[in-house]
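Residue numbers (my numbering): 371 to 616.
For reference, the structure is listed below as structure tokens.
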Ligand SMILES: Nc1ncnc2c1ncn2[C@@H]1O[C@H](COP(=O)(O)OP(=O)(O)OP(=O)(O)O)[C@@H](O)[C@H]1O
Ligand SMILES: [Mg+2]
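Pasting the structure below:
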């Protein structure tokens, strides 16, 4: 069992995805499956997500199966195989309690990874497992990420370094804040004046009050071109992590 814990935007999913797609991991495990829990009840969908990754041929009979039957099918498919299953965005211990019986423990190196914003949920779900609590980025790491996102492979022009560093500090080491901010900086004309304006809107209290990071996200919306604003709002009709069929 592995768990990753941290506030929104601290790069839990990014880290887990990187591991999940690492060539060593894809080679080592016979089965890899990724699902997410979210705040909505989606136990059936979670079982189906995992079953799909197990290469079960889907027939109509799946549609009418109870969760117990789906779970039994999953257990049989996983039995004896070395698997890794990631459950992202876990909010409720009940989801884990309901699912864990379908993951056989054959002592063969299989892994289940739980990802949550809530440390207490993970501690409750896995009392014997020390959660991997992500840290904020250091100033060096933040500056490197900001520069990489704004200038790609080029380095920051000397006249923007001081103001750029100030903006970076105001992001409080939160990767999401850095990436969102870098988006504006890259789009703006990279002039000192417009960077100064942005430095004022990205305020340094992002981290001191966790709810304030939403202000940073609001900037994403406010800076969108007019025709894209309704598109962005339309996405609000979908639940977090939901797939959008096109
Ligand atoms: N080290 C990094 N380098 C580049 N981009 C990053 C890095 N870490 C995070 N990001 C970006 O920051 C954003 C937030 O990261 P992510 O979605 O992984 O956070 P999270 O901890 O899973 O948040 P949530 O609790 O909302 O699910 C993403 O857009 C991601 O691409
Ligand atoms: Mg996430």
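The C-beta atom is built at its ideal place from N, Cα and C for all residues, glycine as well.
Which listed residue (418, 423, 438 and 397) has its alpha carbon closest to that of residue 430: 418
What number of angstroms, rounded off, separates the C-alpha of residue 500 from the C-alpha of residue 373? 8 Å
Could you check whether the Cβ of residue 462 sits closer than 7 Å to any heavy atom belonging to ligand 2? no
Would you call the stretch 405-413 and the stretch 456-464 in contact, with 3 or more CB pairs under 8 Å? At 8 Å Cβ cutoff, the stretches touch.
Helix, strand or coil at residue 561 [DSSP, three-state]: In the displayed model, residue 561 falls within coil according to three-state DSSP, outside both helix and strand.
If you measure from each residue's Cβ to the nearest non-hydrogen atom of ligand 3, which ones come out under 6 Å, in chain order? Ligands displayed in this structure: ligand 1 and ligand 2; ligand 3 is not among them.
Buried versus exposed call for residue 394 [16 or more other C-beta atoms within 10 Å across all chains shown]: exposed
When you compare each of 607, 449 and 568 to residue 618 by their alpha carbons, which one comes out closest? The question about residue 618 has no answer here: the residues shown for the chain are numbered 371 through 616.
Is residue 538 near residue 564, with beta carbons less than 8 Å apart? No, these two residues do not count as a Cβ contact at 8 Å.
Please state if the CB of residue 426 and the CB of residue 443 are separated by a distance shorter than 8 Å. yes
Which first and last residues belong to the alpha helix (DSSP H) in which residue 384 is found? 382-390
Please report the residue range of the alpha helix (DSSP H) in which residue 426 lies. Unbroken run through residue 426: none, as it is neither H nor E.
Is it the case that the Cβ atoms of residue 545 and residue 441 are separated by a distance below 8 Å? no
Determine the contact status of residue 526 and residue 534, defining contact as a CB-CB distance below 8 Å. yes
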